[in-house]
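Protein chains in written order, with the working numbering: chain R, 14 to 465; chain B, 14 to 465.
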């Protein structure tokens, strides 16, 4: 693959050149790099070097590099850039990227930057986009698009496209509007170049067009584009007027980010942290979940203390030895159940009644529980444990994991109904809850069976 | 959003129409549905109904629907379809989708289906694609693409594109070849329609073209396309000859599938299962991880038994009450560390030496551990626990979670170096290991401190 591999040599080389202010040589190297590769390089430099390099390179490349930098570094860089410098970069960007950068600035700095952009077209677009929530279609869309009128001829259309396309990196669909500027269809470039030049757009456009409303959630947009394999989708308002378009590359990033957040959340790491963040940021993302786990653990201390008297009985004391096993099984089963439900909810695969789903989870857990019980009984026989004890432990464990499965299934469904991201349930939340509840149920069930 | 919402009414309506064999009405409804929506509907029907519907609708729609069906249902459907029927569907599909379906058939049925396709162009493409591993660029690519020669004029180029484009749903880049059929660049449709018709392609093509080798891993292809925001990428062999192209919609699906697999794996669910799979499939995906957890739990039984004598001492017995807390903390910290490392490895963010990373994790864990210790000591004061016991538990816990963090960090890095998917480490693997090791370390540290 013709991939760029960031090498230590390149980093050292650039560092040296910056130290010696050898701007000519730096520019020569930078010229050969794609902006995404350059951003990767800059991420690795010392902050002063990064700043030096960013100020040295051409403005149109700087602006693209800015969109690709690590969030933390970009934040620091923007603090060091003057309003005028930022305005210069913003002008070079597509409206969606421009807004992404602007929204990282303080309210005051943002206003100042916008006031420094003299092109009214740009500021109008930016001001509009800044109004939308970043998790909506409006927050993902860009204003740059190509639209044609249904009454134009192919020839006029080609001419207009040439004009409009100047400001646009990539031409996706061409959107067709009627007199009232309402979106009525689309035109494929392929059809356009294959049609005689006198034909009217009216005769060749495709009236079937997918679109999203500006207020639709980003998640729904991603789902729609993925389902129908769309590379771009127009965004309209409630009056069907065309406001912008969302392209697949933004959706790819969105899907990837969402998946990473869910994955980290499931492991008890909140916010959007990365391995290279500072210790304090990492601690902030991890400590709350550990404290939650700690409270669960302290809850178990209470439960176990309340069964302290059975420590005196040599035959019953074995129950204590099994508590970590029970806690682990309760946690594991709960996490499995909730992960499958969370995944299903995300893909709209959870159909039928909640009751049916719970019944299925219980059946599955009983099946797994019986198999696990054989292993426990076998282990008991090997270590010469009384068979009543092995049976008690097995039955109690099955009971515990059934409840764990029910909790693991129900919690995400309830969270989803309450419009809370169910992914939060798969993590330490379920593990901790099931640990405590599992241990409690285990001792109570054993107490009933063994009658102590 | 103009989204299709699968309603119970529609399902019931179709079921009734199938029961009454009202084919005319069924066809009328099916005609209004996008194939992805139709697949969603068919997924919800009874198997016999699904089969009836699939055989009723037009072949070109059936083939598209087949590519979108749930894997399990498609497998069952293909078993019921004759070789001739499958061959008919395959012919309608792009080569990459055709191969996806073919590779689900038995070796014998596959050969028979291919022999029934009379178009040699198609069978040649299919036979070539069947050779590639599905996790490589070759496994993702399709043969359908548009290529032009550098010596053609814009006019000839447009004519040739019209010819080639007939078989192609969407025109992405146009690839430019030299006399030796080597890939030398690309041509944007935009540039093509903006150029005078007599110009040579040579004069307007873009020599800078990203490409992947047919043997590159699918993951690397996804990373590359995401990084450079590519919508399609050409695939070449070692001689730079153009073999096919990969489009972004395949990559979107790949990224989504990978993320889901990692998420489920982290929760202890292997294979690609969904909430609606059968109980036995779900059990097969979940039981192995539970058994792993069980063995870990049985390991803890041994460890705790070996400390049985301290149950007799009222002052030491409290250590037992804290075992679930210690196990939970060890598991949680380990999972957090490994999740961050796994995520970092996936995004090439783990830079610098392994030693530096371990030092960072340890510092972070000490910071978190100290804060957690204050909570444990506070709790101890409230429940009137001797301060030596609280301190012993705190110190032991910090020691335990440091080791857990080291294991959580090191295991994914080692797995990655061994070319094993490190995502496997975040799940029950780390939790179970850290549970057992944590409990062992906890009791030994306490033993040393308290001198029992």
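We put the beta carbon where it would ideally sit given N, CA and C, even for glycine.
Beta-bridge pairing by DSSP links residue 381/B to no other residue.
Residue environment: residue 124/R is assigned as exposed (fewer than 16 neighbouring CB atoms within 10 Å of its CB, all protein chains considered).
Boundaries for residue 425/B: no beta strand (DSSP E) harbours it, while the alpha helix (DSSP H) harbouring it runs 400-430, taken from the DSSP string. Think of a sphere of 7 Å around the beta carbon of residue 447/R: no beta carbon from chain B falls inside it, the nearest being about 10 Å out. As the crow flies, the alpha-carbon of residue 120/B is around 30 Å from that of residue 240/R.
Just so you know, the alpha carbons of residue 192/B and residue 162/B end up roughly 7 Å apart. For residue 36/R, the uninterrupted alpha helix (DSSP H) segment begins and ends at 36-44.
Straight-line spacing of the CA atoms in residue 19/R and residue 81/R works out to 15 Å. Unbroken beta strand (DSSP E) runs of no fewer than 3 residues, entirely contained in the region 182-267 of chain B, are found at 187-190, 196-200, 245-249, 255-260, following chain order. The alpha-carbon of residue 158/R is positioned some 39 Å away from that of residue 87/B. Look at residue 154/B: its C-beta is not under 8 Å from any C-beta on chain R.
Excluding residues up to 5 positions away in sequence, 264, 267, 268 lie with their Cβ nearer than 6 Å to the Cβ of residue 235/B in the same chain. Among the residues of chain R, none has a CB under 9 Å from the CB of residue 45/B; the nearest is roughly 11 Å distant.
Between residue 344/B and residue 275/B, the CB-CB gap reaches or exceeds 8 Å. Identification of chain B residues near residue 352/R by a Cβ-Cβ cut-off of 9 Å yields 276, 277, 279, 280, 281, 282, ordered along the chain.
Distance from the CA atom of residue 249/R to the CA atom of residue 135/R, rounded to whole angstroms, is 19 Å. Taking a beta-carbon distance threshold of 8 Å, residue 381/R counts as an interface residue toward chain B. Rounded to the nearest angstrom, the gap between the Cα atoms of residue 310/B and residue 92/B is 43 Å. Beta-bridge analysis with DSSP links residue 166/B to 213/B.
Note on the region 123-164 of chain R: whole alpha helix (DSSP H) runs with a minimum of 4 residues are 133-143, 150-153, in chain order. Residue state for residue 330/B is assigned as coil, using DSSP reduced to three classes. Taking 8 Å as the threshold, the shortest C-beta distance from residue 397/B to chain R does not fall below it. The criterion of a C-beta distance shorter than 8 Å is not satisfied by residue 458/R and residue 416/R. Look at the beta carbons and you see the region 373-386 of chain R touching the region 284-297 of chain B: at least three pairs across the two are nearer than 8 Å.
Residue 40/R and residue 105/R have their C-alpha atoms some 19 Å from each other.
DSSP places residue 32/B inside the alpha helix (DSSP H), whose first and last residues are 21-32. Residue 90/R sits away from residue 145/R, with the two beta carbons spaced by 8 Å or more. Using a Cβ distance threshold of 8 Å, residue 404/B and residue 314/R do not count as a contacting pair. At the C-beta level, residue 439/R and residue 359/R stay beyond 8 Å of one another. Burial is judged here by how many other beta carbons sit within 10 angstroms of a residue's own beta carbon; residue 356/B has at least 16 and is buried. Think of a sphere of 7 Å around the beta carbon of residue 392/B: the chain R residues whose beta carbon falls inside it are 311, in chain order. Residue 189/R has its alpha-carbon roughly 6 Å from the corresponding atom of residue 160/R. Under the criterion of beta carbons closer than 8 Å, residue 225/B and residue 199/B do not qualify as touching, at roughly 14 Å. By the 16-neighbour rule on beta-carbons within 10 angstroms, residue 372/R is exposed. Around the CB of residue 387/B, fewer than 16 other CB atoms lie within 10 Å, so the residue is classed as exposed. Residue environment: residue 45/B is assigned as exposed (fewer than 16 neighbouring CB atoms within 10 Å of its CB, all protein chains considered).
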